[in-house]
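Count the sequence shown with the numbering used here and you get residues 2 to 84, in order.
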Amino acid sequence: MTITVRYFASLREALGPQEQVAFEPGLTVGALRDALIARDEAHAQALARGRAVRCALNQVMTREDAAVTDGAEVAFFPPVTGG
């Protein structure tokens, strides 16, 4: 299955705006994050488990246990604060 992964704010600066990735069915948002972390050093640093990273699935905020389906859009971004 093919997924669009989008990055925002500081993650976008580190990884670019988006990428298309192919994975086996049955993937969760958390498993996707772990797979991206394992890809290379840039992904490992930007998406590290010790960093606060929020996620959305098809433009709706979600938890990492949400199932990802073919053609889905998953977005990762740092927490946002207002001022």
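Even for Gly, the Cβ is constructed at its ideal location relative to N, Cα and C.
By the Cβ test, the region 56-73 is in contact with the region 24-36, since at least three Cβ pairs between them sit closer than 8 Å. Counting the other CB atoms within 10 Å of its CB gives A23 a total below 16, which places it among the exposed residues.
Assignment of V61 by DSSP, reduced to helix, strand and coil, places it in the strand class. With distances taken between CA atoms, G27 lies nearest to D71 out of Q19, E20, D71, I38.
Excluding residues up to 5 positions away in sequence, P80 lie with their Cβ nearer than 6 Å to the Cβ of A53 in the same chain. For G51, the closest C-alpha among the options A57, E14, D35 is that of D35.
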